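Okay, structure first, notes after.
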Amino acid sequence: MKSIKKSLLICTLALSISTVALAQESSYTYGTVWEAHGIRVLPGQFENYMDHLAGSWKDVYEFAKKEGHVVDYHVLATNHAREGEPDLILVVEYKDYIKTAEYEAFQKKIDEMLSTNERQADKEFGDRESMRKTLSSSQYHELNLK
């Protein structure tokens, strides 16, 4: 009976060690975090919405880059968008996921920079519904292949 228990213990240890070894030999590492927002610009609002993106939207992400939270951001136009598809894709590459406390501290800095507060920012977000409709939002974690 002791030899059976000993054999089971050895097998269990061997399996756990091999699992750790396999995990260490992964063919990828985690990279940056990406967000993508699909935007349908409403008729006659393209220039207005682009003004918004070139203004406070860009200012926020430039500030986020300086603070080290954002790696880069992009505005991509969809070629020949069909019904139900976005006209624009707004892509933001984050250094990593941000903790709640860090987010709240960063949000306060943004509010100060824009001379606003969360209530006003929320209203302005709603006001942009006259220019655009958000069709989708996705978040991705980049896997860097070794």
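For what it's worth, UniProt numbering labels the leading residue of the sequence shown as 1, then goes sequentially.
Note that the Cβ used here is the ideal one computed from N, Cα and C, for glycine as well.
Just so it is clear, the structure is predicted and the values come from calculations on it, not from any experiment.
Review point. Is the Cβ-Cβ distance between W34 and Y103 less than 7 angstroms?
Key: Position 34 of the sequence shown, counted from the first residue, corresponds to residue 34. Position 103 of the sequence shown, counted from the first residue, corresponds to residue 103. No. Outside cutoff.
Q. Cβ of I39 within 7 angstroms of Cβ of L76?
A. Locating residue 39 in the sequence shown gives position 39, where the first residue counts as 1. Locating residue 76 in the sequence shown gives position 76, where the first residue counts as 1. With respect to L76, I39 sits apart: the two C-beta atoms are not nearer than 7 angstroms.
From S115 to Y28, what distance separates their C-alpha atoms?
If you number the sequence shown from 1, residue 115 lands on position 115. If you number the sequence shown from 1, residue 28 lands on position 28. Taking the straight line from one Cα to the other gives about 42 angstroms.
### Task
Give the straight-line distance between the Cα atoms of W57 and Q24, rounded to the nearest whole angstrom.
If you number the sequence shown from 1, residue 57 lands on position 57. If you number the sequence shown from 1, residue 24 lands on position 24. About 40 angstroms.
In this structure, does DSSP put E85 in helix, strand or coil? Position 85 of the sequence shown holds residue 85. DSSP places E85 outside both helix and strand once states are collapsed to three, so it counts as coil.
Practice problem: Please report how far the alpha carbon of K146 lies from the alpha carbon of K95, in whole angstroms. | Solution: Mapped onto the sequence shown, residue 146 falls at position 146. Mapped onto the sequence shown, residue 95 falls at position 95. Those two C-alpha atoms are separated by around 19 angstroms.
Practice item. Measure the beta-carbon distance from R119 to Y49 and round it to whole angstroms, keeping in mind my assumption that it falls under 8 angstroms. Key: Along the sequence shown, one-based indexing puts residue 119 at 119. Along the sequence shown, one-based indexing puts residue 49 at 49. About 23 angstroms; that fails the 8 angstroms criterion.
Practice item. Check N144 in the structure and name its three-state DSSP category. Key: Looking up residue 144 in the sequence shown gives position 144. Collapsing the DSSP output to three states places N144 in a strand.
Between A101, V70 and D111, which has its C-alpha nearest E93's C-alpha? In the sequence shown, residue 93 corresponds to position 93, counting from 1. The shortest C-alpha to C-alpha distance from E93 to any of A101, V70 and D111 is the one to V70.
Original post:
The alpha helix (DSSP H) with D96 in it runs from where to where?
Top reply: Counted from its first residue, the sequence shown places residue 96 at position 96. Membership of D96 in any alpha helix (DSSP H) is not indicated, and neither H nor E is assigned to it by DSSP.
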